[in-house]
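In my numbering, the protein residues as written are 5 to 443.
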């Protein structure tokens, strides 16, 4: 028997011992193996093993076809969905992602940190009042996370537990010992037995931080980079698949350590986070989605740094280039000052200069957040870095930059610095490839 099943047996034993019979009686029997397989066939990605284990214990309750359980056992009043409701999850996420894109334009800074949909999130439980629990099926460190979406709270989207198995294990431990179930940085869930009749279990919110100053912590810059980059990847996967496919796997902590040893100083947390998520791109064409520039693989960045340090006057000893016009033979791009965390632009034969915004210097989190804002909101804003600005657009699966055509070459001539794919018509025969405003 797996750990999740053993933990749930402990929960059911506690419920029976405290006469919470209504909660037990309203839980349906296990889903059949055939039903689980039909569900898997309907979902475009492999179901997380913990979800499969849960379905073999209880099939859940219908999401829309029947009333919610009046005695839910999961924390927060969540009632698990059955296999039929789970089948509708991917379609529901697609609808919510479109709604998220519409809402994003109203407050892009907030929505970068608080997305409410992803194609690889699967809703698995819900409440009477509209909150949902979802299992994160994205590959990487977030795989299996239990996410709660609550449109009425300050935390629209929050990771509650590392996995469904962890949630159920913590529930069992809490019922047996009385210890709170961790829920967020501010609250825990505490089991409360209501005598009834009939007896039933609720999970009460308990504040865990007494000092108000602790609640107002500034979000670390590496977390801002991670949130913005993950949002951009979701958009690329849906709207610019060739650009998304150009992303290389992330660098390991060991690899980052080797890089820092070679440099002789630590990488700033934002740049470390970015390369940990994706170690650059495989091709400059599809991968040049940072306003015409591509995220360089770490090795390319190190080699480029050695070159520009020798060839460009005024190059700082702790500056690290991280984007370039091409990952094969870079000639221009962006760098980070590892002392200040601010970014600048470099080019062969030119003096490097720092980026500037009305608020001052430009950080990596600020640059990425603005690119996400432009891409997801569909606005015509100018990106304040990554080759100087322009309107982002999509052509043949690529996210690229369309710069104003005001040069001497006339309306039909490409502007300096434009993405080469904009004029690469032979790749698709007679079809004209042009960048256009993102829908």
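Backbone N, C-alpha and C define an ideal beta-carbon position, used for all residues, glycine too. None of these values were measured; they are calculated from a predicted model.
Q) Going by Cα to Cα distance, which pick from 102, 148, 171 and 83 is closest to residue 132? A) 83
Q. Are there 16 or more other CB atoms within 10 angstroms of the CB of residue 293, so buried, or fewer, so exposed?
A. buried
Q) CB-CB under 7 Å to residue 280, same chain, minus the five flanking residues each way: which ones, in chain order? A) Around residue 280, the same chain offers 254, 255 and 260 as residues with beta carbons nearer than 7 Å, after the five sequence neighbours per side are excluded.
Q. Looking only at DSSP bridge pairs, what is residue 130 linked to?
A. 83 and 136
Q. When you compare only the Cα positions, how much space is there between residue 359 and residue 302?
A. Answer to the nearest angstrom: the Cα atoms are 22 Å apart.
Q.
For the pair the stretch 31-41 and the stretch 190-199, tell me if three or more CB-CB distances fall below 8 Å.
A. no
(Q) I need the straight-line Cα distance from residue 169 to residue 327, nearest angstrom please. (A) 40 Å
Q. Under 8 Å between the Cβ atoms of residue 209 and residue 15?
A. No, the pair does not count as a contact, with Cβ atoms beyond the cut-off.
Q: Tell me whether residue 295 is buried or exposed, calling it buried when 16 or more other Cβ atoms sit within 10 Å of its Cβ.
A: buried
Q: May I have a chain-ordered list of the alpha helix (DSSP H) segments no shorter than 4 residues that lie completely inside the stretch 213-272?
A: 216-219, 225-243, 245-249 and 257-267
Q.
For residue 282 and residue 125, what's the separation of their Cα atoms in angstroms?
A. Our two residues, residue 282 and residue 125, have alpha carbons roughly 20 Å apart in a direct line.
Q. CB residue 63 to CB residue 87, shorter than 8 Å?
A. yes
Q. What is the DSSP secondary structure of residue 96, counted as helix, strand or coil?
A. helix
Q: May I have the straight-line CA-CA distance separating residue 320 from residue 251, to the nearest angstrom?
A: 29 Å
Q. Going along the chain, which residues of its own chain have a beta-carbon closer than 8 Å to the beta-carbon of residue 47, five neighbours each way excluded?
A. Excluding residues within five positions, the ones whose Cβ falls inside 8 Å are 90, 91, 93, 94 and 126.
Q. Between residue 394 and residue 149, what straight-line distance do the alpha-carbon atoms span, to the nearest angstrom?
A. Here the model assigns residue 394 a pLDDT of 44, short of 50, so the residue's position is not dependable, and the following value carries that caveat. Whole-angstrom Cα-Cα distance: 37 Å.
Q: Have a look at 357, 77, 187 and 306 and flag the residue whose alpha-carbon is nearest the alpha-carbon of residue 20.
A: 77
Q. Under a three-way DSSP split, which group does residue 304 fall into?
A. helix
Q: Identify every residue that forms a DSSP beta bridge with residue 194.
A: 208
Q: Return helix, strand or coil for residue 314, following the three-state DSSP convention.
A: helix
Q) When burial is assigned at 16 or more other CB atoms within 10 Å of the CB, is residue 163 buried or exposed? A) Exposed, by the Cβ-count rule.
Q. So, using beta-carbon positions, are residue 444 and residue 368 closer together than 8 Å?
A. The question about residue 444 has no answer, for the chain in this structure spans 5 to 443.
(Q) Restricting to Cα atoms, I'd like to know which of 136, 258, 129 and 56 is closest to residue 38. (A) 56
Q: Sort out for me which residues DSSP pairs residue 501 with in a bridge.
A: The shown model of the chain, from 5 to 443, leaves out residue 501, and the question about it has no answer.
Q) Between which two residues does the beta strand (DSSP E) harbouring residue 21 extend? A) First-last for residue 21: 7-21, but that is the alpha helix (DSSP H), not the beta strand (DSSP E).
Q) Is it right to say residue 152 is buried, meaning 16 or more other beta carbons lie within 10 angstroms of its own, or is it exposed? A) Buried: at least 16 other Cβ atoms inside 10 Å.
Q) According to the neighbour-count rule (16 or more other Cβ atoms, all chains shown, within 10 Å of its Cβ), is residue 247 buried or exposed? A) buried
Q: Take residue 376 and list the residues in its own chain whose beta-carbon comes closer than 6 Å to its own, dropping the five residues that flank it on each side.
A: 116, 232, 235 and 236
Q.
Tell me which residue opens and which closes the beta strand (DSSP E) that residue 341 is part of.
A. 336-341
Q: Determine the direct distance from the alpha carbon of residue 244 to that of residue 322, and round the result to whole angstroms.
A: 34 Å
Q. Which residues share a DSSP beta bridge with residue 148?
A. Bridge partners of residue 148: none, in fact.
Q) Bridge partners of residue 325, per DSSP? A) When beta bridges are read from the DSSP output, residue 325 appears opposite 339.
Q: Indicate whether residue 173 and residue 313 have their beta-carbon atoms separated by less than 8 Å.
A: no
Q | For residue 26, the nearest candidate out of 257, 102 and 203 (CA to CA) | A | 203
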